[in-house]
Amino acid sequence: MFDIIIPIYRIDPTLLKRCIESVYAQSLSDTNYTVWVVDGTPSDADTYAGCMQIIEEYANHPRFNYFRQSGSGVSQARNEAVTLGSSPFIAWLDGDDYWYPNHLEELHNCIKKTTDNYVIWWNAGDVTITTHGLNGYAHQTNHNFNYFPKHSTWNDRYHGLHFRLDATVFPSSVIVRRSRFEEVGGFLEEVWLGEDQLLWYHMCGDGRHDDKVYLTYQNDFVGIYRQHDEDYFDKGQNPWHDLYGDEARDKCADSLKSNYLKYWGPMKDWEQPEDVTDEEWYDITHYTFTASTQPMAIEID
Numbered sequence: 267m268f269d270i271i272i273p274i275y276r277i278d279p280t281l282l283k284r285c286i287e288s289v290y291a292q293s294l295s296d297t298n299y300t301v302w303v304v305d306g307t308p309s310d311a312d313t314y315a316g317c318m319q320i321i322e323e324y325a326n327h328p329r330f331n332y333f334r335q336s337g338s339g340v341s342q343a344r345n346e347a348v349t350l351g352s353s354p355f356i357a358w359l360d361g362d363d364y365w366y367p368n369h370l371e372e373l374h375n376c377i378k379k380t381t382d383n384y385v386i387w388w389n390a391g392d393v394t395i396t397t398h399g400l401n402g403y404a405h406q407t408n409h410n411f412n413y414f415p416k417h418s419t420w421n422d423r424y425h426g427l428h429f430r431l432d433a434t435v436f437p438s439s440v441i442v443r444r445s446r447f448e449e450v451g452g453f454l455e456e457v458w459l460g461e462d463q464l465l466w467y468h469m470c471g472d473g474r475h476d477d478k479v480y481l482t483y484q485n486d487f488v489g490i491y492r493q494h495d496e497d498y499f500d501k502g503q504n505p506w507h508d509l510y511g512d513e514a515r516d517k518c519a520d521s522l523k524s525n526y527l528k529y530w531g532p533m534k535d536w537e538q539p540e541d542v543t544d545e546e547w548y549d550i551t552h553y554t555f556t557a558s559t560q561p562m563a564i565e566i567d
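Terminal number for the sequence shown in our numbering: 567, no gaps in between.
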């Protein structure tokens, strides 16, 4: 049913352990999925040995696979891992995120209700923002974005538009149909920032026409997304950034912009539906999300 793709790069071993544990704690039987961990971490990195110890704990599991990345960048890592699997659906899980136990079961149930949706996504869950303190990691936990704060009909009718208007969809909350992923060619490997959003746009079709938006949104919390100092972007560890600097950033930005317009078109091409009031339309086009902040919580992994 699912190929689970887990790219890792200089991941804190404690975060990787939590990530993999969350996969094997799923309420859905593990006969329904295969795990692919693709590792781009240099062998001399200070996190490498610790991560390898965790990998070895799962090495004998019949549906667990680990391999070294042959190229560079998270897009290349994900694309490479996909080629090794064959399941009809692909579930993404970054190595520093983790799922709640109901994640795959909920997705499995959602799939039963759909026929041609290419992208199925959920609220990623609580967003955990990590800051370093003298006594460990201090985590500020926020509920992930509430995309439809005022009008209940948005859930069913306008989530495609909100998605188009920069309602961030984290990879670890998404599954995609393999057939469509392969049809569009996967992640653009020259794009190392926003590559995930661009893929969702490409897979979903032309968002200016409701009948061509092939995605399903489920308003539930099914996992944890982490933002911390060791991720690809915040530490500048993405190989495109390290190796090519400004030239790579310019190439990335140009590709992102041109493909974004190619797949979804400029905002001026979007028309207000006849049954949407001016107030609703303003809300839809100006407020893509709200966030409800929870009290500060300290979590030591």
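Heads up, the beta-carbon is just placed ideally off N, CA and C, and yes, glycines get one too.
1. Since F436 sits in a beta bridge, which residues does DSSP pair it with?
2. Output the boundary residues of the alpha helix (DSSP H) element that contains N375.
3. Looking only at its own chain, which residues have a Cβ that is under 7 Å from the Cβ of D296, when we skip the five neighbours before and after it?
4. With H, G and I counted as helix, E and B as strand and the rest as coil, what does DSSP make of R446?
5. Relative to the alpha-carbon of P437, which residue among G337, S352, Y467 has its alpha-carbon at the smallest distance?
6. Closest to S288 by CA distance: which of Q319, R344, D363, G316 is it?
7. Taking the straight line between their C-alpha atoms, what separation do you get for W365 and C285?
8. Is the beta carbon of F333 less than 8 Å from the beta carbon of N298?
9. So what's T543 in DSSP terms, helix, strand or just coil?
10. Compute the Euclidean distance between the alpha carbons of L350 and S336, then round it to the nearest angstrom.
11. Please state if the CB of P279 and the CB of I320 are separated by a distance shorter than 8 Å.
12. Taking S338 and T300 to be in contact with their CB atoms under 8 Å, please state how far apart those CB atoms are, rounded to whole angstroms.
13. The beta strand (DSSP E) that contains N331, what's its start and end?
14. Could you tell me which residues DSSP pairs with A357 in its beta bridges?
15. With DSSP as the reference, label V457 as helix, strand or coil.
16. To which residues of the same chain is T419 closer than 6 Å at the C-beta, ignoring the five residues directly before and after it?
With the structure as the only source:
1. Its beta-bridge partners do not exist; DSSP assigns none.
2. 369-378
3. Y290, R329
4. helix
5. Y467
6. D363
7. 7 Å
8. no
9. coil
10. 13 Å
11. yes
12. No, S338 and T300 are not in contact; Cβ-Cβ is about 24 Å, not under 8 Å.
13. 330-334
14. I270, I441
15. coil
16. Annotation note: pLDDT 46 at T419 (below 50); position unreliable, no value reported.
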